[in-house]
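*Asks:* The sequence shown begins at 2 in the working numbering and counts up by one.
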Amino acid sequence: MRIIPSQGPPRLLAAAQLTNSVGDGAYYVCSALYFNRIVGLSPTQIGAALTLGWAAGAVVGIPVGHLADRRGPRGVAVLMSVATGTAVGSFLLVRSYAAFLVAVCVYACCQCGLAAARQALLAGLVEPARRTETRAYLQSTVNAGLALGAALGGIALHLDTESSYRVALATDAVAFVLAAAVLLRLPSVPSAAGPRGREERRLTVLRDRPYALVSALNMVMLLYMPLLSVVLPLWIMQRTAAPGWTVSALMVLNTVTVVLFQVRMAGRVTNLESASRAVRCSGIVMFLACVGFALSSAPTSAWAAAAVLAVAAGVQVLGEMLLGSGSWEIAFTLAPEDKQGQYQGFHGAGTAVARLIGPLLLTALTLAWGIAGWLLLGALFLAAGAATGHAVRWAARTRPGAAPGTAPLASAPQARLIRKH
Numbered sequence: 002m003r004i005i006p007s008q009g010p011p012r013l014l015a016a017a018q019l020t021n022s023v024g025d026g027a028y029y030v031c032s033a034l035y036f037n038r039i040v041g042l043s044p045t046q047i048g049a050a051l052t053l054g055w056a057a058g059a060v061v062g063i064p065v066g067h068l069a070d071r072r073g074p075r076g077v078a079v080l081m082s083v084a085t086g087t088a089v090g091s092f093l094l095v096r097s098y099a100a101f102l103v104a105v106c107v108y109a110c111c112q113c114g115l116a117a118a119r120q121a122l123l124a125g126l127v128e129p130a131r132r133t134e135t136r137a138y139l140q141s142t143v144n145a146g147l148a149l150g151a152a153l154g155g156i157a158l159h160l161d162t163e164s165s166y167r168v169a170l171a172t173d174a175v176a177f178v179l180a181a182a183v184l185l186r187l188p189s190v191p192s193a194a195g196p197r198g199r200e201e202r203r204l205t206v207l208r209d210r211p212y213a214l215v216s217a218l219n220m221v222m223l224l225y226m227p228l229l230s231v232v233l234p235l236w237i238m239q240r241t242a243a244p245g246w247t248v249s250a251l252m253v254l255n256t257v258t259v260v261l262f263q264v265r266m267a268g269r270v271t272n273l274e275s276a277s278r279a280v281r282c283s284g285i286v287m288f289l290a291c292v293g294f295a296l297s298s299a300p301t302s303a304w305a306a307a308a309v310l311a312v313a314a315g316v317q318v319l320g321e322m323l324l325g326s327g328s329w330e331i332a333f334t335l336a337p338e339d340k341q342g343q344y345q346g347f348h349g350a351g352t353a354v355a356r357l358i359g360p361l362l363l364t365a366l367t368l369a370w371g372i373a374g375w376l377l378l379g380a381l382f383l384a385a386g387a388a389t390g391h392a393v394r395w396a397a398r399t400r401p402g403a404a405p406g407t408a409p410l411a412s413a414p415q416a417r418l419i420r421k422h
């Protein structure tokens, strides 16, 4: 149940991630109200700008990851972190929709580029057998930081003044600059070796169809992301008898569970075989969670509805942790070592796409179709989780030097032995 990684690069990566996420927590809580009340934008304008921004970010993350491969991931990660902080700071200056639209697009592109560069940096600093474990530590750190940042943002919401909102956004901007300073303390990772001819400059990942399929299935699984933040609050208020505070309780449950147990869950994933199994189990668990959320509309008692929602949310966070552990191992293992940046950027684009289409798709399914919509969503998770194993086996067979079949790169005992040393 340790939540602090070992000394060295993993701990510095976690420190940078913590700094980022504390600022992001404050930003996520306050940004919508700031843009609406202070800047004077309508919810439709804000939503349209965010949609366009994350669409651009999903595309830009791949070439930024490629740049990290060619020029070294540490420098690119530092640059993207400073650029993201600058983009957040620019929100304090915008007074028109056109300026806001530009700032949002720059912010989303820098965020996605930073994510790709950080993944490449992790791959360059941590041996393969410990990458998933280290990524789990970072995920725990993110959740802890977001919780702290949300508490700071809550103070700004309570004060409900222009100055308090500005301080919250400025905190996020400064946090990215401080995170860049932490990243500078990491060892430099050499850029990818080899000729710089035309073939090397091309984005190999765009022609890797097996990896594209794996990433597409992962994107479907990532549709769980808007559940707690967008779908469940609307579902609880419109379709259940549960009290309004249930929304906050479920978010706390999710955050605390990930902080405490994500690392332990990731410890069970040591190769492609166990990773595929984790994603398959995640699909089953997500299906059960959707069934639970659907059934929460049945009780007429507030406490009974809240209890059903709590159980379903507990099941959902288990599926979330299984998916994270499996997908990280798959993404790192199937990517060529000298192209981790562009491959992680491609795989990570699923997060931006989930943010882009998830809220609209999931609210349409659940609020318009009710129980049937939840069951359909659960079936989608179930199918994507089951298909991932087949896609991973296909991708494993196409890796350079791979033997026929789906033998993992290292057996579980071998992986554990590597970790001990």
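In this text, a Cβ means the ideal position worked out from N, Cα and C, and glycines have one as well. These figures come from a predicted structure and were not determined experimentally.
#1: Spell out a yes or no on whether the segment 132-150 and the segment 52-64 are touching, meaning 3 or more CB-CB pairs, one atom from each, closer than 8 Å.
#2: Measuring CB atoms only, is the segment 116-128 touching the segment 7-17, in the sense that at least three cross pairs come out at less than 8 Å?
#3: Report yes or no: do three or more beta-carbon pairs, one from the segment 276-290 and one from the segment 375-385, lie closer than 8 Å?
#4: Could you tell me how far apart the beta carbons of L89 and D209 are, in whole angstroms, since I believe they sit closer than 8 Å?
#5: In three-state terms, what does DSSP make of D173?
#6: Can you list, in chain order, the residues of its chain with a C-beta nearer than 8 Å to that of T334? Leave out the 5 residues immediately preceding and following it.
#7: Checking 8 Å against the spacing of the C-beta atoms, do N21 and A279 come in under that value?
#8: Is it buried or exposed for S7, if we count other Cβ within 10 angstroms and need 16 for buried?
#9: Please say whether T247 and L310 have beta carbons closer to each other than 8 Å?
#10: Thinking A242 and A303 are a contact (beta carbons under 8 Å), I'd like their distance in whole angstroms, please.
#11: Where L214 and Y166 are concerned, what is the direct C-alpha to C-alpha distance, given to the nearest angstrom?
#12: F333 by DSSP, collapsed to three states: which one?
#13: Quick one: measure Cβ to Cβ for W236 and L368, integer angstroms, because I've assumed they're closer than 8 Å.
#14: With a threshold of 7 Å, establish whether the CB of L310 neighbours any heavy atom of the ligand SAM.
#15: May I ask which residues mark the beginning and end of the alpha helix (DSSP H) holding W246?
#16: Quick check on this structure: which residue in R136, Y98, A33, A84 has the alpha carbon closest to the alpha carbon of G154?
#17: Pair every Cβ in the segment 60-67 with every Cβ in the segment 334-349, then say whether three or more of these pairs are closer than 8 Å.
#18: Excluding the five sequence neighbours on either side, which residues of its own chain have a C-beta within less than 8 Å of the C-beta of I4, listed in chain order?
#19: Output needed for L224: all residues of its chain with C-beta closer than 6 Å, excluding positions within five of it in sequence on either side, in chain order.
#20: Report the three-state DSSP secondary structure of E262 (helix, strand or coil).
#21: Let me know the alpha helix (DSSP H) ranges lying completely inside the segment 280-342, each 4 residues or longer, listed in chain order.
#22: Less than 8 Å separating the beta-carbons of K340 and V206?
#23: Apart from the five residues on each side of it in sequence, which residues of its chain come closer than 8 Å, Cβ to Cβ, to T256?
*Replies:* Here's the rundown:
#1: no
#2: yes
#3: yes
#4: Note on identity: in this sequence residue 89 is Val, with Leu being the wrong assignment. In fact, because the Cβ distance is near 33 Å, the residues do not count as touching under 8 Å.
#5: helix
#6: P129, N272, L273, A276, L410
#7: no
#8: exposed
#9: yes
#10: 5 Å
#11: 42 Å
#12: helix
#13: 7 Å
#14: Because no ligand of any kind appears in the structure shown, any question about the ligand SAM cannot be addressed here.
#15: Taken as a continuous stretch (DSSP letters only), W246 belongs to no alpha helix (DSSP H), as it is neither H nor E.
#16: A33
#17: yes
#18: Y138, S141, T142, A145, V260, L261, V264
#19: A355, G359
#20: Checking the sequence shown, residue 262 turns out to be Phe, not Glu. The answer is helix: DSSP assigns F262 an H, G or I state.
#21: 303-335
#22: yes
#23: N144, A145, L147, A148
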